[in-house]
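Comments concern the structure below.
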Ligand SMILES: Cc1ncc(COP(=O)(O)O)c(C=O)c1O
């Protein structure tokens, strides 16, 4: 919807973070526009400012910055570049509810921010999501597009555009609003778990996803790079056999079969991160010491 109200059309280029869930690229592709994959930092896993600046062309019409796994580190630098080139910035904040940079909450930074409320997210309404914007013109266009292209004039419906039924239902909204009350405390408790894992796993050669100064990270997904001598997939299987559920970090979009076949432009850092990152469990009353011991046992066997 954000791309549509920005009037992104076939042939336009949209620069996107490469380390993400495929939805980030799919929305561009769906309009016939061209996703331009920008590589990410091996520290924060987020779009590199130089990558963005080097990939801007006369065809660039928008930028989608992804808060990788919920971490918005670096978005203010990306925003400054977008302002310099007069490009609208969309934040794929699917994972970032409750995060902030420099005390500005995600949802209040970019021109348009898209949140997901899928069950895996910190705040869920079952499915669905929300877009936030401080731009009144964008808000008006979204309202029309999400409501079958309708406006109400003198109490009467008029259909001034074609549109969709993409409204959030009231039942979903009630669920979401209730969860907002506990969001900050959930973020705090996830950071406590993250800090404990970092202290232990760093000794084993794991590298955490870095958070830059002045960023509050909601720890939507607790992701580490595994030590170089470790095969990530083998570790995931080993932990599964020990009844610990883990998964990969996320995907390199340019390396997925569809986008590789179509654009053949694999991004190096991002595809390395796809291969060597692991998402660990993160919930209250987690037995961190037990998990640490199992991982530690695995590593001493491999070494
Ligand atoms: C970064 C990112 N963008 C977009 C999505 C898609 O969200 P939804 O399933 O709510 O459309 C996800 C889902 O996990 C995601 O992680």
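Numbering (the working numbering), first residue to last: 1082 to 1384. By construction, the Cβ of each residue, glycine as well, lies at the ideal position given by its N, Cα and C atoms.
Query: Rounded straight-line distance, which links the Cα of residue 1281 to that of residue 1192; Result: 39 angstroms
Query: Spatial distance of residue 1272 from residue 1363 (CA atoms); Result: 9 angstroms
Query: Rounded separation between residue 1244 and residue 1114 - CA only; Result: 19 angstroms
Query: Those residues which DSSP pairs with residue 1326 across a bridge; Result: Beta-bridge pairing links residue 1326 to no other residue.
Query: Reference residue 1302; option with closest CA among 1180, 1310, 1368; Result: 1180
Query: Quiz: which residues have CB nearer than 6 angstroms to ligand 1 non-hydrogen atoms; Result: 1101, 1102, 1104, 1105, 1147, 1173, 1175, 1176, 1197, 1199, 1210
Query: Same chain, Cβ closer than 6 angstroms to residue 1154, neighbours up to 5 away in sequence not counted; Result: 1125, 1127, 1292, 1293, 1296
Query: Identity of the residue in 1284, 1197, 1263 nearest residue 1105 by Cα; Result: 1197
Query: Any alpha helix (DSSP H) of 4 or more consecutive residues that is wholly inside the stretch 1237 to 1306; Result: 1251 to 1261, 1264 to 1283
Query: Every unbroken beta strand (DSSP E) within the stretch 1144 to 1190, with a cutoff of 3 residues, ordered by chain; Result: 1170 to 1173
Query: Presumed contact (8 angstroms Cβ cut-off) between residue 1223 and residue 1212, rounded CB distance; Result: 6 angstroms
Query: Cutoff 7 angstroms; reference residue 1099; Cβ partners in own chain excluding five residues on either side; Result: 1118, 1119, 1120, 1121, 1333, 1334, 1335, 1348, 1351
Query: Per DSSP, cross-strand counterpart(s) of residue 1116; Result: 1095
Query: Burial state of residue 1284, where buried means 16 or more other Cβ atoms lie within 10 Å; Result: exposed
Query: C-alpha distance - residue 1172 paired with residue 1375, whole-angstrom precision; Result: 37 angstroms
Query: Rounded distance between the beta-carbons of residue 1150 and residue 1176, thought under 8 angstroms; Result: 6 angstroms
Query: Proximity of residue 1090 and residue 1112 at Cβ, strictly below 8 angstroms; Result: yes
Query: CB contact flag (residue 1215, residue 1189, <8 angstroms); Result: yes
Query: Residues that residue 1128 bridges to, as DSSP identifies them; Result: 1121
Query: Euclidean distance between Cα positions of residue 1261 and residue 1109; Result: 30 angstroms
Query: Residues near residue 1238 in its chain [Cβ-Cβ closer than 6 angstroms; skip 5 each side]; Result: 1231
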